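A short worksheet on the structure shown next.
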Amino acid sequence: GQQVMQIPQYQHVQEGEDFTTYCNSSTTLSNIQWYKQRPGGHPVFLIQLVKSGEVKKQKRLTFQFGEAKKNSSLHITATQTTDVGTYFCAGRGNYQLIWGAGTKLIIKP
Amino acid sequence: SQTIHQWPATLVQPVGSPLSLECTVEGTSNPNLYWYRQAAGRGLQLLFYSVGIGQISSEVPQNLSASRPQDRQFILSSKKLLLSDSGFYLCAWSVLLGDTEAFFGQGTRLTVV
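Order-wise, the sequence lines are chains S and X.
Numbering of the first sequence is given in our numbering, commencing with residue 43 and proceeding in unit increments.
Numbering of the second sequence is given in our numbering, commencing with residue 1444 and proceeding in unit increments.
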């Protein structure tokens, strides 16, 4: 079946360092969505990418959708404590969203 | 504006007991509704989705069931809970199936003991 692999599972960074998470699909996706889940909370929608090669920015966050629409990435520049949480990608397969396992961003004390 | 309500927030149930989790959406009509489960530190597993009243699609065979008795009401049930049913249950809705953002409820943390 369709799968979306997301890596890494965890990323420990010092505050101020950058963070990147990657998603790869076994099949072409119609779109890809990104969500953030704070500890103990529920996923909150960040953005949706639809076009091949699309790049979108939200302040320090940069989202990319690959040319083949099979991979995507989220890059956070100069992480802050408010960025802590788990970031999920979710790609639209045949008729449903297929979720990655998430990347947990941990700020080192 | 649209809101989604899910309750209870936490639940501790003994093995073999029944389960009923309720989710309601306000401010929209004919939403697509979803039930997800999230094991501790893991991703989201889609359990059920519904495109309309009485229409339920199951993604994972298990001892859980779902019902949609009204347009904006989605219920997750079990006749007999298992230890493996413990987890964080999330209800969500979207306008289009997979093409628009999903809005999640606050979640129910279920512990089966």
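Glycine included, every Cβ here is placed at the ideal spot set by N, Cα and C.
Computed from a prediction, not measured in an experiment: that's the story for all the values here.
- Residue pairing by DSSP places S/A132 opposite S/Q75 and S/W141 in a beta bridge.
- With contacts defined as CB atoms closer than 9 Å, X/L1487 and X/E1502 fail to qualify as a contacting pair.
- Against chain S, a Cβ distance below 9 Å from X/E1465 picks out nothing, because the smallest value is about 16 Å.
- Take the alpha-carbon of S/S114 and the one of S/V46: they are about 10 Å apart.
- Closest in C-alpha terms to S/N73, from the list X/H1448, X/G1484, X/D1542 and X/R1552, comes X/D1542.
- If the five residues before and after S/D60 are omitted, its C-beta is found closer than 8 Å to the C-beta atoms of H117, I118, T119, A120 and T121, all from its own chain and listed in chain order.
- Between X/L1533 and X/L1462, the C-beta spacing is not below 9 Å.
- Under the three-state reduction of DSSP, X/S1510 is assigned to strand.
- Using beta-carbon distances, S/H84 counts as an interface residue toward chain X, with a partner under 9 Å.
- Between S/G144 and S/T128 a beta carbon distance of about 4 Å is seen, short of the 8 Å cut, so the two are scored as contacting.
- Check the Cα spacing between S/V92 and each of S/V126, S/V55 and S/G133: the tightest is with S/G133.
- A residue is called buried once 16 or more other Cβ atoms fall within 10 Å of its Cβ, and S/P50, having fewer, is exposed.
- Against chain S, the beta carbon of X/G1548 has neighbours under 9 Å at H84, listed in chain order.
- Secondary structure of X/T1471 (DSSP, three-state): coil.
- In the three-state DSSP reduction, S/S115 falls in the strand class (E or B).
- The DSSP-derived three-state label of X/T1446 is strand.
- A Cβ-Cβ distance of about 6 Å is found for the pair X/Q1449 and X/T1551, placing them in contact under the 8 Å criterion.
- Around S/L103, the same chain offers I118 as residues with beta carbons nearer than 6 Å, after the five sequence neighbours per side are excluded.
- For the beta strand (DSSP E) assignment, the uninterrupted runs of no fewer than 3 residues enclosed by the segment 1487-1553 of chain X are, from N- to C-terminal side, 1487-1495, 1498-1501, 1507-1513, 1516-1521 and 1530-1537.
- Counting along the chain, S/V126 sits inside no beta strand (DSSP E), nor does DSSP assign it H or E at all.
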